[in-house]
Amino acid sequence: MKISDILDRNSIISNLNAKNKKGVLEELAGAITTRTGTETKDIVRVLLEREQLGSTGIGGGIAIPHGKLDGISSIVVGFGLSREGVEFDSLDNRPVHIFFLLITPANSTGIHLSVLAQISRLLKQSHFKDNLMKAESAEEIEQIINSVDEDF
67 MKISDILDRN
77 SIISNLNAKN
87 KKGVLEELAG
97 AITTRTGTET
107 KDIVRVLLER
117 EQLGSTGIGG
127 GIAIPHGKLD
137 GISSIVVGFG
147 LSREGVEFDS
157 LDNRPVHIFF
167 LLITPANSTG
177 IHLSVLAQIS
187 RLLKQSHFKD
197 NLMKAESAEE
207 IEQIINSVDE
217 DF
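Position in the sequence shown (from 1) plus 66 gives the number in the working numbering.
Put into structure tokens, the structure is as follows:
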């Protein structure tokens with residue numbers, strides 16, 4: 067499996083409008099709602115519950131909000147880019163610009179961790195992050211992700 071196998075272009079937001087954590091989560095959740103068959107508010111609830119355990123803002127301008135949701139049958143990934151950056155309680159207390167959203171079925175611990183690890187590996191590549199920051203459209207973001215994507 068590749069990230070591109072579970073990330074749909076319609077789930078990519080090339081310019082997030084939200085100015086705070088809850089707003090980002092709502093915007094990202096709205097972009098994947100049709101793929102999960104659930105309501106945005108249910109996805110946001112799961113994401114906020116996860117954020118209460120500790121921020122998914124991992125530092126370096128990156129956050130990977132994630133959660134498990136009853137009633138969905140497959141993994142769904144979304145992506146958002148904030149040009150200005152959003153305060154996200156990140157580990158380094160710096161604004162977050164790059165967001166990968168991950169929602170998995172409630173009983174999918176192994177694949178959930180595999181996808182998180184793959185996203186983390188990709189984001190450790192500085193040229194990958196730089197290219198994402200320069201991208202101007204969902205199509206361009208999708209191409210950047212596809213260019214480095216590999217099976218995991």
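Every residue gets a Cβ at the ideal spot worked out from N, C-alpha and C, and that includes glycine. Keep in mind the model is a prediction, meaning the values are calculated, not measured.
Burial state of residue i (16 or more Cβ within 10 Å)
{"i": "Gln184", "result": "buried"}
{"i": "Thr102", "result": "buried"}
{"i": "Gly137", "result": "exposed"}
{"i": "Thr104", "result": "buried"}
Where the beta strand (DSSP E) through residue i begins and ends
{"i": "Asp74", "result": "73-79"}
{"i": "Arg149", "result": "142-152"}
{"i": "Leu135", "result": "132-135"}
Nonlocal neighbours in the same chain, by C-beta distance under 8 Å from residue i, ignoring five residues either side
{"i": "Leu147", "result": "Ile79, Ser80, Asn81, Leu82, His163, Ile164, Phe165, Leu198, Met199, Ala201, Ile207"}
DSSP three-state assignment for residue i, whether helix, strand or coil
{"i": "Gly176", "result": "helix"}
{"i": "Thr170", "result": "strand"}
{"i": "Ile124", "result": "strand"}
{"i": "Ile69", "result": "helix"}
Expected contact under 8 Å - CB spacing of residue i and residue j to nearest Å
{"i": "Val143", "j": "Ser77", "result": "7 Å"}
N-terminal and C-terminal residue of the alpha helix (DSSP H) that residue i is part of
{"i": "Leu198", "result": "192-200"}
{"i": "Leu114", "result": "106-119"}
{"i": "Ile98", "result": "87-102"}
Check: residue i C-beta below 7 Å from any heavy atom of the ligand MG
{"i": "Leu82", "result": "Ligands in the displayed structure: none, and consequently the ligand MG is not present."}
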